[in-house]
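In what follows, a single structure is set out as structure tokens and then discussed.
There are 4 protein chains.
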Amino acid sequence: MTRRTPLMLQIVTGDPRPIARQIVDGIRRQIVAGELEVGAALPSVRGLAQQLAVNPNTVAKAYNELSAEGWLDTRAGLGVFIATPRQRLSESERARRLEEAVQRFIGDVIALDYPADEVLERISYELGKCVPRKTA
Amino acid sequence: MTRRTPLMLQIVTGDPRPIARQIVDGIRRQIVAGELEVGAALPSVRGLAQQLAVNPNTVAKAYNELSAEGWLDTRAGLGVFIATPRQRLSESERARRLEEAVQRFIGDVIALDYPADEVLERISYELGKCVPRKTA
Amino acid sequence: MTRRTPLMLQIVTGDPRPIARQIVDGIRRQIVAGELEVGAALPSVRGLAQQLAVNPNTVAKAYNELSAEGWLDTRAGLGVFIATPRQRLSESERARRLEEAVQRFIGDVIALDYPADEVLERISYELGKCVPRKTA
Amino acid sequence: MTRRTPLMLQIVTGDPRPIARQIVDGIRRQIVAGELEVGAALPSVRGLAQQLAVNPNTVAKAYNELSAEGWLDTRAGLGVFIATPRQRLSESERARRLEEAVQRFIGDVIALDYPADEVLERISYELGKCVPRKTA
DNA sequence: GTGGTCTAGACCACG
DNA sequence: GTGGTCTAGACCACT
Chain A
1 MTRRTPLMLQ
11 IVTGDPRPIA
21 RQIVDGIRRQ
31 IVAGELEVGA
41 ALPSVRGLAQ
51 QLAVNPNTVA
61 KAYNELSAEG
71 WLDTRAGLGV
81 FIATPRQRLS
91 ESERARRLEE
101 AVQRFIGDVI
111 ALDYPADEVL
121 ERISYELGKC
131 VPRKTA
Chain B
137 MTRRTPLMLQ
147 IVTGDPRPIA
157 RQIVDGIRRQ
167 IVAGELEVGA
177 ALPSVRGLAQ
187 QLAVNPNTVA
197 KAYNELSAEG
207 WLDTRAGLGV
217 FIATPRQRLS
227 ESERARRLEE
237 AVQRFIGDVI
247 ALDYPADEVL
257 ERISYELGKC
267 VPRKTA
Chain C
273 MTRRTPLMLQ
283 IVTGDPRPIA
293 RQIVDGIRRQ
303 IVAGELEVGA
313 ALPSVRGLAQ
323 QLAVNPNTVA
333 KAYNELSAEG
343 WLDTRAGLGV
353 FIATPRQRLS
363 ESERARRLEE
373 AVQRFIGDVI
383 ALDYPADEVL
393 ERISYELGKC
403 VPRKTA
Chain D
409 MTRRTPLMLQ
419 IVTGDPRPIA
429 RQIVDGIRRQ
439 IVAGELEVGA
449 ALPSVRGLAQ
459 QLAVNPNTVA
469 KAYNELSAEG
479 WLDTRAGLGV
489 FIATPRQRLS
499 ESERARRLEE
509 AVQRFIGDVI
519 ALDYPADEVL
529 ERISYELGKC
539 VPRKTA
């Protein structure tokens, strides 16, 4: 039987990220961190919507995005499940996206004038929390 | 007397950042890197708009944002100048922005499944290019 | 200046595919067939919605999917453009998807009891219409 | 007397097709391939449901669909049997379905950028496995 | 009950 | 004007 994981997630209204993005990021992180087991059932669209006090469409959008990216399997009439991990993107696409993220990050952070060590330490810490496993 | 720095900047249409953001980031980066000297005059709004082939409103918006953050001084009738360096943001605001940028970066990069060292190395390299000073 | 390609597309109500999917397929096909040039602007979300007599959200969804797949570049405030082609998926993911499509197709077609040659000829013809270019 | 064919079938949870569809496809495929003889009895609805560990309603739905299409005969009180072969669909219906399947397949596959030969070879191979006869 | 799709209409950021 | 996001509520298919 598949446990309906209660799913720890919270929407921060002050966060500049749109709600659907917060849900996507939150779930993806938990999957990567191994806090959600492969095959486990997530809360239903309507259920999570109620829990987070947002519109079901917003949750559906987040679930759809995660499915499109291969993180979730969604089966009409049954529910949404953690998919078996796989490398979906080509090497060039991964490199392109890393570059884009780095450029954006530098742009955001450079103005703050933090010492490089401090920034690196923060990133390193967060990365450490999330990447215990190797390539799928 | 004020040199009219020609200002090396280029707008990349493929870049996902809005144009104003590209201008802001670009100028800020050059100030931080010391490529733009304190007191130097920037091109006029209309001038830069023409040079970059973008809407003058867009350039004005970028200049305004940089002025609001304390990077530029706008002197009516004279033009726009690089402001004297000082602490441009409150401590809490800086911390908040760093945190925001880190979270976003992690969210973007976590899905790519790169080894942490590689990510850190990229960040470190880019940071090194831009932050020769310790603190402002 | 970027031409606003009028975009030949029609929604078939009898088609079992959802509307957004029809739009996605139609545009993707035209891009692959080279009927839409890289960099060309597509009709605006609202414009195409009116042309096809569907809800703007539906068009937006289609455009979003195509952007997520890397076929389109969408720039807020400017419009939607044909992106430069690139291979976004990993080799294994491509193989997986081909397999899935083949299985589904066989399942659909096997019951119809057409001679294999006839089926192959149809596929071949349609494929020929769409694949004049090589890998990006 | 009617042999109770044990019916080799397996439901794949990862398969994007709904369960009823998988059953329909599987049985149809075996009939077409001649693995199920005309007149042979199929497992009862409840029996197959138990064997596959799915809801009996799902099996009943599949059997009904196959009966409606003329592949099975349901004889009250006796069970379900492979029907005698005849033209199960009108000519126009067959053509319509082929067209539909082709369009969907092309839509799925076109984005993967495989050389036409490779796609045709895959289809041809799978078709060969299932269509030993010329016409029914 | 589950997810998927579509419509309608509001509000925001960007140019 | 452009696209992006969210809400609200209806209808459908699947189990």
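Protein chains in written order, with this note's numbering: chain A, 1 to 136; chain B, 137 to 272; chain C, 273 to 408; chain D, 409 to 544. Quick reminder that beta carbons are idealized off the backbone N, C-alpha and C, glycines included.
Neighbour flag for residue i against chain A, beta carbons, 9 Å
i               : result
Y199 of chain B : no
S375 of chain C : The residue you asked about is not Ser; residue 375 of chain C is Gln in the sequence shown. No - not a single Cβ of chain A is within 9 Å of the one on Q375 of chain C.
P424 of chain D : yes
S362 of chain C : yes
R300 of chain C : no
L184 of chain B : no
Cβ of residue i within 9 Å of any chain B Cβ
i               : result
G107 of chain A : yes
A116 of chain A : yes
L7 of chain A   : no
I110 of chain A : yes
V80 of chain A  : no
Reduced DSSP category for residue i - H, G, I as helix; E, B as strand; rest coil
i               : result
T194 of chain B : helix
D15 of chain A  : coil
R211 of chain B : strand
A41 of chain A  : strand
Q418 of chain D : coil
R541 of chain D : Legend: pLDDT at R541 of chain D = 47, less than 50; position of this residue unreliable, value from coordinates given subsequently. Note: R541 of chain D maps to coil in three-state DSSP.
M409 of chain D : Any reading at M409 of chain D is ruled out, since the residue's pLDDT is 47, under 50, leaving its predicted position unreliable.
Proximal chain B residues relative to residue i, where beta-carbon distance stays under 7 Å
i               : result
E126 of chain A : V238 and I242
CB contact check: residue i to chain D, cutoff 9 Å
i               : result
T84 of chain A  : yes
A408 of chain C : Its pLDDT being 42, under 50, A408 of chain C is placed unreliably by the model, and the measurement read from it follows with that caveat. At least one chain D Cβ lies under 9 Å of A408 of chain C.
L314 of chain C : no
V304 of chain C : yes
Candidates the options: closest to residue i by CA position
i               : options                           : result
M8 of chain A   : A:D113, A:I23, A:Y125 and A:L120  : A:I23
L52 of chain A  : A:E37, A:S67 and A:Q10            : A:Q10
E229 of chain B : A:A68, A:D113 and A:L98           : A:D113
I45 of chain A  : A:G70, A:Q103, A:L66 and A:L89    : Here residue 45 of chain A turns out to be Val, not Ile, going by the sequence shown. Looking at the Cα atoms, A:L66 is the closest of the given residues.
P85 of chain A  : A:S124, A:R122, A:A76 and A:G34   : A:G34
G342 of chain C : B:R157, B:K265 and B:P152         : B:P152
Q359 of chain C : A:V38, A:G79, A:R96 and A:G128    : A:R96
D380 of chain C : D:P523, D:E534 and D:V527         : D:E534
A49 of chain A  : A:R122, A:I123 and A:A20          : A:A20
I382 of chain C : D:E445, D:S498, D:A484 and D:L506 : D:L506
F217 of chain B : B:L172, B:T149, B:V168 and B:A252 : B:L172
A165 of chain B : B:L208, B:E257 and B:E236         : Before going on, a small fix: residue 165 of chain B reads as Arg here, not Ala. Of B:L208, B:E257 and B:E236, the residue nearest in Cα terms is B:L208.
G349 of chain C : C:A313, C:F377, C:A340 and C:V374 : C:A313
T149 of chain B : C:P290, C:D297, C:V310 and C:P278 : C:V310
G434 of chain D : D:V462, D:A470 and D:G455         : D:A470
I242 of chain B : A:T74, A:A116 and A:V32           : A:V32
Interface flag, residue i vs chain C, CB-CB below 9 Å
i               : result
E93 of chain A  : yes
A476 of chain D : no
E121 of chain A : no
R21 of chain A  : no
I419 of chain D : no
Amino acids of chain C, ordered along the chain, whose beta-carbon sits closer than 7 Å to that of residue i
i              : result
L72 of chain A : Under the 7 Å cutoff, chain C gives no residues; its nearest Cβ is about 15 Å from L72 of chain A.
Closer than 7 Å at the beta carbon, the chain A residues around residue i
i               : result
L188 of chain B : What L188 of chain B touches in chain A: nothing, since even the nearest Cβ is about 17 Å away.
Under 9 Å by beta carbon: chain B residues contacting residue i
i               : result
A348 of chain C : P154
Beta-carbon neighbours of residue i, restricted to chain C and to distances below 8 Å
i              : result
Q87 of chain A : S362, S364 and E365
Chain-ordered neighbours of residue i on chain D, where CB pairs are closer than 7 Å
i               : result
L308 of chain C : Ordered by position in chain D, no residue passes the 7 Å Cβ test against L308 of chain C, which lies about 14 Å from the chain.
inquiry  = Please give the ranges of any alpha helix (DSSP H) in the segment 362-402 of chain C, keeping only runs that are unbroken, at least 4 residues long and fully inside the region.
reply    = 363-381 and 388-402
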